[in-house]
Amino acid sequence: MKKVLLPLLAIVVLAMAACSGGSGDPKGVAKKFFEAFKSMDIDEAAKHATKDSKSMLDMMKMGMSFAPVNKDSLKQEMAKQKIEYGDAVINGDEATVSVSVDGKDKTDFKLKKEDGAWKVAFDKNTLMSMGKDKMKQQGASTEELEEAQKALDGLNSDTVRSALEEAGKAIDSLSKQ
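Mapping of the sequence shown onto mature numbering (1 follows the signal peptide of the UniProt record, and there is no 0): residues -17 to -1, 1 to 160, in sequence order.
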């Protein structure tokens, strides 16, 4: 009886862990990340992102804080969107999960293992690589890809942060008039 129960119990525990969408399942992590993103909870999304993603998520959070009026309408629009997830393709400590919104624009998002848990890679380099891949899929020329790369290379977190702060000041001064 023990010989039958122990393997059966192990199978049940493994099945429950696989279905839980925890940090051991790239697809589940992607779902948690994008559901948090969809509800505009950047702090929650950050829990499911790589450490390298922090500066990009911080910039997004800062940008959203400058436009609180638009945040509610954007949140309502995002709530209407249906996000679909493909199966995870795992290759060692990296994985990809296809994500599409309303059945369009399928994008393969990268995940990486950090401290034994899957995390969405939402850092500048990964997003740049994904953007270039999208441009290639849409038939962009080599020259267009090189121009886009140069423009992106000029961006850094300090430049973007400074631009966002200036935009925030401009919005504040307009709202006071």
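The beta-carbon is built from N, C-alpha and C at its ideal position, and this holds for glycine as well. Just so you know, these numbers come straight off a predicted model, no measurement behind them.
Asked                                                                                                         : Found
Beta-carbon proximity of Asp91 to Thr79, cut-off 8 Å                                                          : yes
4-residue-minimum alpha helix (DSSP H) runs that sit fully inside the region 8 to 82, ordered along the chain : 9 to 21, 25 to 29, 37 to 49 and 51 to 63
Status (buried if at least 16 other CB within 10 Å, exposed otherwise) for Thr33                              : buried
C-beta contact flag for Pro47 and Lys21 at 8 Å                                                                : As written in the sequence, residue 47 is Met, which differs from the Pro given in the question. In this structure, Lys21 does not lie closer than 8 Å to Met47 by Cβ.
Distance cut-off 7 Å: Asp98 Cβ against heavy atoms of the ligand MG                                           : The model on display carries no ligand, and the ligand MG is accordingly not part of it.
Proximal residues to Lys87 (C-beta, below 8 Å), its chain only, five neighbours per side dropped              : none
Minimum C-alpha distance to Pro9 - residue among Phe105, Glu77, Lys133 and Lys44                              : Glu77
Residues near Gln64 in its chain [Cβ-Cβ closer than 8 Å; skip 5 each side]                                    : Lys21, Val84 and Asp85
CB of Val82 within 8 Å of CB of Ala13, strictly                                                               : yes
Cutoff 7 Å; reference Lys93; Cβ partners in own chain excluding five residues on either side                  : Glu77, Thr79, Ala104 and Thr109
Residue burial classification, Val15 (beta-carbon count within 10 angstroms, cutoff 16)                       : For the record, residue 15 in the displayed sequence is Lys; it is not Val. Under this definition Lys15 is a buried residue.
Asp116 (DSSP reduced to helix, strand or coil)                                                                : helix
Cβ-Cβ distance between Ser36 and Asp106 below 8 Å                                                             : yes
Rounded C-alpha distance that separates His31 from Ala71                                                      : 15 Å
Which residues DSSP lists as bridging Glu97, in chain order                                                   : Ala100
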